[in-house]
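Residue numbers (the numbering used here): 15 to 479.
C-beta atoms are modelled at their ideal positions from N, C-alpha and C, and glycine is treated no differently.
If you're wondering where the values come from, they're calculated on a predicted model, not measured in any experiment.
Below is one structure, written out as structure tokens; comments come after it.
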Ligand SMILES: Cc1ncc(COP(=O)(O)O)c(C=O)c1O
């Protein structure tokens with residue numbers, strides 16, 4: 015079947031990303047634009063339009079306006095998702111050979127950025143919830159304990175990365191964390207791919223955005239948490255710990271030389287929607303609806319886990335002995351399409367479209383799933399990854415990734431150094447990165463993960479030969 019034939023058919027209820035819900039919540043100017051003759055809007059950087067790195071043209075003016083509107087010093091629109099901007103951001107913050115302090119649950123793009131630019135990921139462990147197999151962001155005390163492990167001989171920290179919120183919508187209080195790192199003079203990049211709406215300024219008890227707590231660089235994936243087309247993102251910069259010229263130089267290394275004017279227009283419209291009254295009214299309505307949906311579903315017996323982002327619903331399937339993958343398959347047959355199936359949960363992204371009728375739909379799907387699987391035992395607690403509070407890779411990530419490799423079975427990998435990233439997607443969180451040593455406990459844990467994530471983890475692994 016050709017790709018185009020798969021793009022327009024009705025898949026049922028879209029509880030997956032992009033957050034505009036298959037067009038329903040796109041900003042009005044973008045809907046208008048797309049109604050024009052097909053393809054007329056497909057343009058690269060042309061005089062008058064320009065691109066994210068130009069000092070003139072409509073994109074330049076638009077970025078300036080967006081930065082002022084959000085209270086940032088600068089911003090750059092991105093057309094290669096949060097991925098491209100996170101990588102450019104990291105390149106601009108630290109020098110080759112320096113370490114980047116980051117939580118275990120960073121997105122793979124940041125590990126890849128380290129490998130590409132010879133930065134050393136200094137990964138710290140994060141709290142693990144064994145009933146569901148999720149990690150959650152650390153609090154101030156946790157970070158203090160991580161910092162107690164420093165200094166480490168030969169390790170010079172150049173930058174810090176934080177994730178706010180996680181894919182599941184878990185968030186912690188960012189402000190004290192940013193302060194702690196700033197006291198040490200380290201610039202902080204916040205991967206806020208899933209939290210653009212936190213920066214909207216609406217009064218709905220959302221977690222704080224990195225923008226409002228003084229982080230230096232913040233990346234929003236506009237298709238994940240605002241009304242942008244797929245691949246749209248924005249990088250915000252503020253303060254004087256990161257040089258904006260370094261950011262621009264870094265973006266120019268990874269950005270296409272033909273950025274799509276359509277996607278840039280979508281970046282502009284998605285950000286505008288976050289800050290203008292009509293967009294904020296829509297967001298407030300969606301958040302009110304989402305809180306109502308969650309309350310009602312809980313009253314009806316659906317096991318939804320608490321989190322901090324009302325637009326993400328986490329169904330805790332493990333407590334009935336059902337995997338998130340089984341639940342997903344079942345619900346897809348019933349025309350409900352979720353975003354993130356995992357061994358113990360299924361996460362739905364409500365997005366910005368109206369979810370009328372969702373309570374009935376989910377209740378019906380869940381009830382039939384429970385009847386079909388009745389009598390099962392709840393899952394045993396998930397094993398926390400056997401990793402130290404702070405892990406210094408035994409070989410540089412970059413060197414391991416580029417080294418001569420040998421492909422072996424995961425079963426035979428004890429004592430070897432990984433040249434691979436083991437990373438089921440979604441959620442895109444690495445379980446093993448290049449340069450890490452595979453000890454017995456880690457291999458046993460990975461084999462258990464392989465069992466839990468069928469088809470998403472290869473039985474083979476490339477190791478440094
Ligand atoms: C936490 C996090 N950061 C970054 C990304 C990358 O975002 P994008 O798909 O916009 O490149 C993802 C994607 O899943 C993510 O979950």
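Do the CB positions of residue 201 and residue 256 come within less than 8 Å of each other?
Residue 201 places its beta carbon less than 8 Å from that of residue 256.
Assigned secondary structure, residue 73 (DSSP; H/G/I helix, E/B strand, else coil)
Taken through DSSP and simplified to helix, strand or coil, residue 73 comes out as helix.
Quick check: what's the CA-CA separation for residue 57 versus residue 68?
16 Å
Return the CA-CA distance between residue 450 and residue 332, expressed in angstroms with no decimal places.
30 Å
If the criterion is Cβ atoms closer than 8 Å, does the pair residue 432 and residue 385 meet it?
With a cutoff of 8 Å on beta-carbon distance, residue 432 and residue 385 are scored as not near each other.
Would you check whether ligand 1 has a heavy atom nearer than 7 Å to the C-beta of residue 247?
Yes, since a heavy atom of ligand 1 falls inside the 7 Å radius drawn around the Cβ of residue 247.
Kindly say whether residue 70, judged by its beta-carbon, lies nearer than 8 Å to any beta-carbon of chain D.
In summary, chain D is missing from the structure at hand, where a single protein chain is found.
Residue of 376, 447, 467, 352 minimising C-alpha distance to residue 28:
Measuring C-alpha to C-alpha distances from residue 28 to each of 376, 447, 467, 352 identifies 352 as the nearest.
Residue 405 in three-state terms, based on DSSP
Correct three-state label for residue 405: strand.
Contact under 8 Å by Cβ, residue 52 with residue 62
no
Within the same chain, show all residues whose beta-carbon is closer than 6 Å to that of residue 274, passing over the 5 residues directly before and after it, in chain order.
Only 93 meet the Cβ criterion.
Among 127, 151, 369, whose alpha-carbon lies nearest the alpha-carbon of residue 322?
151
Contiguous beta strand (DSSP E) assignments of at least 3 residues, all confined to the region 35-110:
88-92
Are the CB atoms of residue 135 and residue 411 nearer to each other than 8 Å?
yes
Could you pull out every residue in the same chain whose Cβ sits closer than 6 Å to the Cβ of residue 468, ignoring the five residues on either side in sequence?
none
Looking only at C-alpha atoms, which of 208, 221, 229, 207 sits nearest to residue 192?
229
Beta-carbon separation of residue 279 and residue 240 under 8 Å?
Going by C-beta atoms, residue 279 is not nearer than 8 Å to residue 240.
Inside the region 351-429 only - alpha helix (DSSP H) runs reaching at least 4 residues:
372-386, 411-416
In the DSSP assignment, find the unbroken alpha helix (DSSP H) run with residue 348 in it and report its ends.
Premise fails: residue 348 is in no alpha helix (DSSP H) and is neither H nor E.
First and last residue of the uninterrupted alpha helix (DSSP H) at residue 258:
Unbroken alpha helix (DSSP H) run through residue 258: 258-268.
What does a CB cutoff of less than 7 Å around residue 470 pick up in its chain, not counting 5 residues either side in sequence?
Only 438 meet the Cβ criterion.
What residues in its chain sit with their C-beta under 7 Å from that of residue 406, if we drop five residues either side in the sequence?
136, 166, 169
Can you tell me whether residue 234 is helix, strand or coil according to DSSP?
strand
From what residue to what residue does the beta strand (DSSP E) around residue 250 run?
247-251
What number of angstroms, rounded off, separates the C-alpha of residue 246 from the C-alpha of residue 97?
10 Å
CB-CB length for residue 338 against residue 360, believed under 8 Å
4 Å
In whole angstroms, what is the alpha-carbon distance linking residue 456 and residue 319?
28 Å
Suppose you measure from the CA of residue 262 to the CA of residue 115; what does that come to, to the nearest Å?
Note on geometry: alpha-carbon atoms of residue 262 and residue 115 lie some 23 Å from one another.
Using only the alpha-carbon positions, how far apart do residue 460 and residue 426 sit?
12 Å
Indicate the three-state DSSP secondary structure (helix, strand or coil) for residue 174 in the structure shown.
In the three-state scheme derived from DSSP, where H, G and I count as helix and E and B as strand, residue 174 is classed as strand.
Report yes if the C-beta distance between residue 39 and residue 367 is below 8 Å; otherwise report no.
yes
Pair within 8 Å by beta-carbon distance, residue 269 and residue 172:
Their beta carbons are not under 8 Å apart, which means residue 269 does not touch residue 172 by this criterion.
Buried or exposed for residue 465, please, with buried defined as at least 16 other CB atoms from any protein chain shown within 10 angstroms of its CB.
exposed
Take residue 95 and list the residues in its own chain whose beta-carbon comes closer than 7 Å to its own, dropping the five residues that flank it on each side.
In chain order, 235, 245, 247 place their CB closer than 7 Å to the CB of residue 95, counting only its own chain and leaving out the 5 sequence neighbours on each side.
Going along the chain, which residues of its own chain have a beta-carbon closer than 6 Å to the beta-carbon of residue 32, five neighbours each way excluded?
237, 244
Beta-carbon separation of residue 336 and residue 390 under 8 Å?
yes
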